[in-house]
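Just so you know, the working numbering puts the end of the sequence shown at 190, numbered straight through with nothing missing.
In what follows, a structure is listed as structure tokens, so that the remarks can point back to it.
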Amino acid sequence: MNTATRARLLYYYSQILTRIHLDDMAIEKLQGTVAIAPQYVKAWRSLGFMLASRGRTAEAIAALRTSLSLDGDDPITRFNLGFIYHGQERVADAIREFEKVVVAAPKNDRAWYGLGVCHQDSGDFARSVAPLQEAAKLQYFNPHAGYHLALAWHKLGEHEKCRAEFDRVKSFDPKMAATMAQEFGVG
């Protein structure tokens, strides 16, 4: 059996192991895959995702960065990398990745949301507005995007806009609206 065939079989075996929740074994098979086929982008991507799910963050970042070095146009890998960076409070790195995602995949509401939240985490509420508006437009019923958009309006002193966002969220998520009313004094 040639190397490419063996790598594909190991990769597919790892996917089966993942589906039956044998994650540590799946990681081993993916590591074996990239050892024999270091150009196998899907394997690097899956390895990064699996490592992240197991809390092995540094290894996950390395695997995802390797995947991006092989296929820099992959918005899914960039999103996952941005998500990990955000979790590590590496906000500038997360913003960089999310900005690339929204250019490559402008309908990715989660990337717009992540970008907006990262701007808020860096204290730049004005820059958070446009990404959060886009997230709320793409995924109208995302109460978290609405919450963070109302937070931005509140911090910017735009009370009518904060109230309008509260009213929008209240129409589909009364629980989040109650939180917003308490925190932002609307309601």
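Even for Gly, the Cβ is constructed at its ideal location relative to N, Cα and C.
Please read these numbers as outputs of a predicted model, since none were measured by experiment.
Use the C-beta contact count for Ile23: other C-beta atoms within 10 angstroms, 16 or more gives buried, fewer gives exposed. exposed
4 or more residues per run - each alpha helix (DSSP H) lying fully within the segment 62 to 136: 78 to 90, 94 to 107, 112 to 124
Relative to the alpha-carbon of Leu73, which residue among His162, Met53, Leu13, Val37 has its alpha-carbon at the smallest distance? Val37
Take Asp124 and list the residues in its own chain whose beta-carbon comes closer than 7 Å to its own, dropping the five residues that flank it on each side. Val94
Simplified DSSP state of Pro146, which is helix, strand or coil: helix
Through-space distance from Arg113 to Ala138, alpha-carbon basis: 7 Å
Looking only at C-alpha atoms, which of Ala97, Ala184, Leu84 sits nearest to Val172? Ala184
Proximity of Val132 and Arg166 at Cβ, strictly below 7 Å: no
When burial is assigned at 16 or more other CB atoms within 10 Å of the CB, is Lys110 buried or exposed? exposed
Whole angstroms are fine: how far does the CA of His151 sit from the CA of His89? 16 Å
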